[in-house]
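As they're listed, the protein sequences go chains H and G.
Each residue of the first sequence is one higher than the one before, counting from 1 in the numbering used here.
Each residue of the second sequence is one higher than the one before, counting from 322 in the numbering used here.
In this text, a Cβ means the ideal position worked out from N, Cα and C, and glycines have one as well.
These numbers come from a predicted model, not from an experiment.
Below you'll find the structure, written out as structure tokens, and then a few comments.
Number of protein chains: 2
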Amino acid sequence: MNEFEIIKHYFTVASHRKDVLMGPGDDCALLQVPPHSLLAVSTDTLVSGVHFFADMDPMALGHKALAVNLSDLAAMGADPCWVSLALTLPEVDESWIKGFCAGFFELAEYYNVALVGGDMTRGPLSITVTVHGTLPEGKGLRRNGARVGDGIYVTGTLGDAALGLQQVQGKVTVPEQYKDFVRTKFEHPHPRILAGQALRDIATSALDLSDGLAGDLAHVARASGMRAQLELEQLPLSAAMLATVSREQAWELALTGGDDYELCFTVPELYRGQLETALAHCGVKFTRVGRMLAGEPGVELTSKGRPYQLASQSWDHFRSV
Amino acid sequence: MNEFEIIKHYFTVASHRKDVLMGPGDDCALLQVPPHSLLAVSTDTLVSGVHFFADMDPMALGHKALAVNLSDLAAMGADPCWVSLALTLPEVDESWIKGFCAGFFELAEYYNVALVGGDMTRGPLSITVTVHGTLPEGKGLRRNGARVGDGIYVTGTLGDAALGLQQVQGKVTVPEQYKDFVRTKFEHPHPRILAGQALRDIATSALDLSDGLAGDLAHVARASGMRAQLELEQLPLSAAMLATVSREQAWELALTGGDDYELCFTVPELYRGQLETALAHCGVKFTRVGRMLAGEPGVELTSKGRPYQLASQSWDHFRSV
Numbered sequence: 001m002n003e004f005e006i007i008k009h010y011f012t013v014a015s016h017r018k019d020v021l022m023g024p025g026d027d028c029a030l031l032q033v034p035p036h037s038l039l040a041v042s043t044d045t046l047v048s049g050v051h052f053f054a055d056m057d058p059m060a061l062g063h064k065a066l067a068v069n070l071s072d073l074a075a076m077g078a079d080p081c082w083v084s085l086a087l088t089l090p091e092v093d094e095s096w097i098k099g100f101c102a103g104f105f106e107l108a109e110y111y112n113v114a115l116v117g118g119d120m121t122r123g124p125l126s127i128t129v130t131v132h133g134t135l136p137e138g139k140g141l142r143r144n145g146a147r148v149g150d151g152i153y154v155t156g157t158l159g160d161a162a163l164g165l166q167q168v169q170g171k172v173t174v175p176e177q178y179k180d181f182v183r184t185k186f187e188h189p190h191p192r193i194l195a196g197q198a199l200r201d202i203a204t205s206a207l208d209l210s211d212g213l214a215g216d217l218a219h220v221a222r223a224s225g226m227r228a229q230l231e232l233e234q235l236p237l238s239a240a241m242l243a244t245v246s247r248e249q250a251w252e253l254a255l256t257g258g259d260d261y262e263l264c265f266t267v268p269e270l271y272r273g274q275l276e277t278a279l280a281h282c283g284v285k286f287t288r289v290g291r292m293l294a295g296e297p298g299v300e301l302t303s304k305g306r307p308y309q310l311a312s313q314s315w316d317h318f319r320s321v
Numbered sequence: 322m323n324e325f326e327i328i329k330h331y332f333t334v335a336s337h338r339k340d341v342l343m344g345p346g347d348d349c350a351l352l353q354v355p356p357h358s359l360l361a362v363s364t365d366t367l368v369s370g371v372h373f374f375a376d377m378d379p380m381a382l383g384h385k386a387l388a389v390n391l392s393d394l395a396a397m398g399a400d401p402c403w404v405s406l407a408l409t410l411p412e413v414d415e416s417w418i419k420g421f422c423a424g425f426f427e428l429a430e431y432y433n434v435a436l437v438g439g440d441m442t443r444g445p446l447s448i449t450v451t452v453h454g455t456l457p458e459g460k461g462l463r464r465n466g467a468r469v470g471d472g473i474y475v476t477g478t479l480g481d482a483a484l485g486l487q488q489v490q491g492k493v494t495v496p497e498q499y500k501d502f503v504r505t506k507f508e509h510p511h512p513r514i515l516a517g518q519a520l521r522d523i524a525t526s527a528l529d530l531s532d533g534l535a536g537d538l539a540h541v542a543r544a545s546g547m548r549a550q551l552e553l554e555q556l557p558l559s560a561a562m563l564a565t566v567s568r569e570q571a572w573e574l575a576l577t578g579g580d581d582y583e584l585c586f587t588v589p590e591l592y593r594g595q596l597e598t599a600l601a602h603c604g605v606k607f608t609r610v611g612r613m614l615a616g617e618p619g620v621e622l623t624s625k626g627r628p629y630q631l632a633s634q635s636w637d638h639f640r641s642v
């Protein structure tokens, strides 16, 4: 196959969505947003050597490029619908493209997301994905809705992806039985779509954890104009984490490690029962890790009721516009 | 200013669009598509060294990155609404960003397009823009709607951008009085938004010219399942073009030069009067350059009624998915 054929072969995937009136191949995709719905849009770029290693398994990369974008829809409580893929490749390598597409489309099909367009260009390897979802009018889990007294919750366990990165880098020795688990957490994050949908009528705010709980939660605190107080003993840590590093190191990874793609959200005490029911219904584990307080916007760490100081800072990078 | 402040300063531009319920700064933008409308989406990536020279004036680049995307909306006949910008930069250079934003937002404001999100990452310079527009239900200028007997039309003049590129490369000597004109055509394309909107009820197919008329029109011929016959004597050529190269070279540039971002569209003979009125109304010049014929899908060049053979082929590159 020549490169046009390769691209046509791998990127032309039939979709069963009836709301795609025109998919890839014309100047624009034409899409039908359901009545009384809002459109939710998010874009993320992954650059080789910055966000992933150049030799990363292409199937894992295809999965991750879509997963980190779907995670943004999850954090808004939206239903995923359509995706555009802009792929910049140094060369057309059929086996690489095949792997990338396998990972990308497996996840896309799981959530019934249709690839509706994009661009393929030659250049240094990078991937920009734009996802589109819909939400009932009046809904949407924003960052600025937290209220004083709300509980702060997270899904899953924290810091495992950062531990997976350290394992790949040879900085830690993860016990044999946990090696695959942490590698999967790092390379194969699963967007919390169902949890996001379930939280639509319950949470007052939400975001997804991409840079570490401490830094990410600070966005909610700032946007909502209050303090977020975390109790470190409450942070959900995996058995893999506890078997590999000290509790203090685990907290550090949970608070400042990136790439977890779990949801962090706030819920009024009144809705605690409703929250239990809703998340049990979709089989997602969650943990209360703190509460919102009146005061100067920021994040406050406590251990056994006392202030706690982190050794490091959250990973710095350019931030989303 | 540090890099966060620079980004916040230059990329947080207030929009007056009431359909943006949440702009940049949350996990997703939240947008309201009007009732009985379709959503039109297009994505294009520009890579340094591939689509533009690394030292290109950032203001022109900011303009062009948005313009080439708006051109896709124009080719569909859509009304531009919202844009996401994924910018990958090797470093945060305030004067470069300032210039880029000046060019980008000048064009965005002209068409009342709101920046609703995106991503900013560190890496080799590249820009991915995703534009969103709306169209009345049932409308949309697709590539597959041409009918046998339709006239083939183009807006503006062709090949000037390619001539501008050759000027920058020192391959041609454009007469002094035309130097600025061809440079502007190359660096500062203007999307044919108004023409696209005016063509919604008249044209049977349309696309924008990004790779050269011969190659681009072949997409329409293939999608519509018929032949496109061009009369080379009809190709609209600028005074700058005619003063710089021979007529045969001019045809070559018009047919295979890229970056014109004019519209090419087909119209039934019956609607010729309506077409004159509609495009006169928005002040856009257009020219009939050929017609659609029954036969094997492809593009057929004629000069004085005889077949004409091009010396070169249209610029090859990866194509859009």
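If you look at C28 (chain H), you'll find it isn't in any beta strand (DSSP E); DSSP assigns it neither H nor E. The beta carbon of R593 (chain G) is closer than 8 Å to those of G472 in its chain, skipping five residues each way along the sequence.
The beta carbons of V368 (chain G) and T88 (chain H) sit about 6 Å from each other, so the pair counts as a contact at 8 Å. Burial check for S246 (chain H): the Cβ neighbour count within 10 Å stays below 16, so the residue is exposed. By the beta-carbon neighbour count (other beta carbons within 10 angstroms, threshold 16), D55 (chain H) is exposed.
Against V368 (chain G), the close residues of chain H are T88, T121, R122, G123, P124, in the order they occur along the chain (beta-carbon pairs closer than 8 Å). T287 (chain H) is a Cβ neighbour of P236 (chain H), given a cutoff of 7 Å.
Bounds of any alpha helix (DSSP H) do not take in F374 (chain G), whose DSSP letter is neither H nor E. Q518 (chain G) has its alpha-carbon roughly 23 Å from the corresponding atom of A539 (chain G). Shown here, S238 (chain H) sits in coil according to DSSP, grouped into three states, outside any helix or strand. Check the Cα spacing between S224 (chain H) and each of H:G149, H:K185, H:L242: the tightest is with H:G149.
For the pair A599 (chain G) and I523 (chain G), the CB atoms are nearer than the 7 Å cut-off. The alpha carbon of L293 (chain H) has as its nearest neighbour, out of H:T266, H:V92, H:E109, the alpha carbon of H:T266. About 11 Å separates the Cβ atoms of L479 (chain G) and L551 (chain G), ruling out a contact at the 8 Å cut-off.
With respect to chain H, the C-beta atom of S416 (chain G) has no partner C-beta closer than 7 Å. Not a single CB atom of chain G sits nearer than 7 Å to the CB of L270 (chain H). In terms of Cβ geometry, L66 (chain H) and V129 (chain H) form a close pair [threshold 7 Å].
Looking at the DSSP output, M22 (chain H) bridges to H:L30. Counting only Cβ-Cβ distances below 7 Å, L486 (chain G) has no contacts in chain H at all, with the closest Cβ about 17 Å away. Straight across, the Cα-Cα distance linking V503 (chain G) with A561 (chain G) is about 7 Å. A Cβ of chain G is located within less than 7 Å of the beta carbon of L38 (chain H). Excluding sequence positions up to five before and after A571 (chain G), its CB lies within less than 7 Å of the CB of G480, L558, M562, L563, all in the same chain and listed in chain order.
In its chain, beyond the 5 residues on either side, T45, L46, V47, S48, T88 have a beta carbon closer than 7 Å to the beta carbon of S126 (chain H). Look at the region 391-430 of chain G and you find these whole runs of beta strand (DSSP E), each 3 residues long or longer: 400-410. With contacts defined by Cβ atoms closer than 7 Å, L207 (chain H) and A14 (chain H) do not form a contacting pair.
Within 10 angstroms of the beta-carbon of Q498 (chain G) lie fewer than 16 other beta-carbons, which makes it exposed.
Taking 7 Å as the threshold, the shortest C-beta distance from S303 (chain H) to chain G does not fall below it. CA-CA distance, K492 (chain G) to N69 (chain H), rounds to 44 Å. A146 (chain H) is a Cβ neighbour of S205 (chain H), given a cutoff of 7 Å. Per DSSP, reduced to three states, the secondary structure at A524 (chain G) is coil, with no helix or strand assignment. With its beta carbon at least 7 Å from every one in chain H, V588 (chain G) lies outside the interface. Less than 7 Å separates the beta-carbon of I6 (chain H) from that of E94 (chain H). In the three-state DSSP reduction, A146 (chain H) falls in the coil class, being neither helix nor strand.
Within the region 559-575 of chain G, no residue places its CB atom closer than 8 Å to a CB of chain H. Close to T451 (chain G), with beta-carbon spacing below 7 Å, are these residues of chain H in chain order: T43, S84, T130. Interface annotation, L158 (chain H): not in contact with chain G, CB-CB separation never under 7 Å.
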